[in-house]
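Engineer:
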Amino acid sequence: MTETILITGSNRGIGLELVHQYAAQGWRVLACCRQPDQATALDRLVEQFPDVSVYALDVAQQDQILKLARDLQEHPIDILFNNAGIYGPSDAVFGNTDEAKWLECLRINVIAPMKMMEAFLPHVAASKHKLIAAMSSKMGSMADNGSGGSYIYRSSKAALNAVMKSAAIDLAPRGVKVAILHPGWVKTDMGGPNAEITVAESVGRMREILGTVTPKNSGTFFDIDGSIIPW
0 MTETILITGS
10 NRGIGLELVH
20 QYAAQGWRVL
30 ACCRQPDQAT
40 ALDRLVEQFP
50 DVSVYALDVA
60 QQDQILKLAR
70 DLQEHPIDIL
80 FNNAGIYGPS
90 DAVFGNTDEA
100 KWLECLRINV
110 IAPMKMMEAF
120 LPHVAASKHK
130 LIAAMSSKMG
140 SMADNGSGGS
150 YIYRSSKAAL
160 NAVMKSAAID
170 LAPRGVKVAI
180 LHPGWVKTDM
190 GGPNAEITVA
200 ESVGRMREIL
210 GTVTPKNSGT
220 FFDIDGSIIP
230 W
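Under numbering that gives the first Met the number 0, think of the first position of the sequence shown as 0, with each following residue one higher.
1. If you run the structure through DSSP and keep just helix, strand and coil, what is ILE151?
2. Could you give the distance in angstroms between the alpha-carbon of VAL28 and the alpha-carbon of SER126?
3. Could you have a look at THR7 and say whether DSSP puts it in helix, strand or coil?
4. If you run the structure through DSSP and keep just helix, strand and coil, what is LYS137?
5. What is the rounded straight-line gap between the Cα of ALA185 and the Cα of LEU17?
6. Ordered along the chain, which non-local residues of its own chain (more than five positions away) have a Cβ less than 6 Å from that of ARG173?
7. Just list the alpha helix (DSSP H) runs in the stretch 20 to 55, keeping only unbroken ones of 4 residues or longer that don't cross its boundaries, in chain order.
8. Reducing DSSP to helix, strand and coil, say where LEU71 ends up.
9. I'd like the ranges of any beta strand (DSSP E) spanning at least 3 consecutive residues and lying wholly in the stretch 56 to 123.
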C-alpha cells in the first residue's frame, strides 16, 4: 500500500518542499492550504506528481478540520505533519504585545495542531507508520532563550512543545509516535535571505529524522542535526 502523508501549510516554503520531496519518493501526498486557487507552485507539483492531492483547509477553522477528516475517513495517514504556523507581529517586545494577535498566534500554532491530532487520530492509528510531526522552533526552548523578546512566537512554540509531549504519552497505547521538529534557520519568507540552510536541505534532514522516530524516543524535540533540544 502506498504510504500517505498529510501536510498543512503546503503552499509555500517548507510545506511546499515537504510536498515535493515526499511526492518524489513515491508517497501519496495530501497537501492542505487555505487558498488552493492561488497556490500556483503547488499546482505545478500536482502536474508533476499524480499522487499529490490538494485540499482547502484553514487550520484556524475547526469545522474545516472536522469536515476534511470525515472526507478522508477511508484513508490511513502514515504521517500527519502539522506544518502550518505563523510568527505573529515581529515587534512583539516587552510593552508592545497585542492581545488579539497573541491569541491568533496561539490559535494557529497550538490549538490547530491539537485539533488536527484529535480529528485525524483514527487515520494515523490505522496506518503503517503511525507518526505525527509538528513544526516547532528552537525559539520555543526556554533553556535556549538567551536573548529575550519575541514573546508571542516564543510562547506559542513552547506551548506547542507541551501539547506534543503530552500527545506522545497519551497516544502511545495506540502505537502512535510523535516528533517535534526544529527546521533550522531556513531561507524562507520567515527566515529571511541570510539564513543558514536552504529549504531543500532542511526538509531533507527532517525527513531523515522522522525515519528514526520510535516508540522509545517519541515526544523528542529534535534539532535539525538530529540532536535533542532541551525544553
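Each residue gets a CB set at the ideal place from its N, CA and C atoms; glycine is no exception.
Structural biologist: Per the coordinate set shown:
1. When DSSP states are grouped into helix, strand and coil, ILE151 belongs to the helix group.
2. When rounded, the distance between both Cα atoms is 14 Å.
3. THR7 sits in coil when the DSSP states are folded into three classes, being neither helix nor strand.
4. Looking at LYS137 - three-state DSSP - the assignment turns out to be helix.
5. Note on identity: in this sequence residue 185 is Val, with Ala being the wrong assignment. Those two C-alpha atoms are separated by around 14 Å.
6. Around ARG173: ALA124.
7. Runs of the alpha helix (DSSP H) spanning 4 or more residues and lying entirely within the stretch 20 to 55 occur at 39 to 47, in chain order.
8. DSSP places LEU71 in coil when its eight states are reduced to three.
9. Within the stretch 56 to 123, the complete beta strand (DSSP E) runs of at least 3 residues are 78 to 81.
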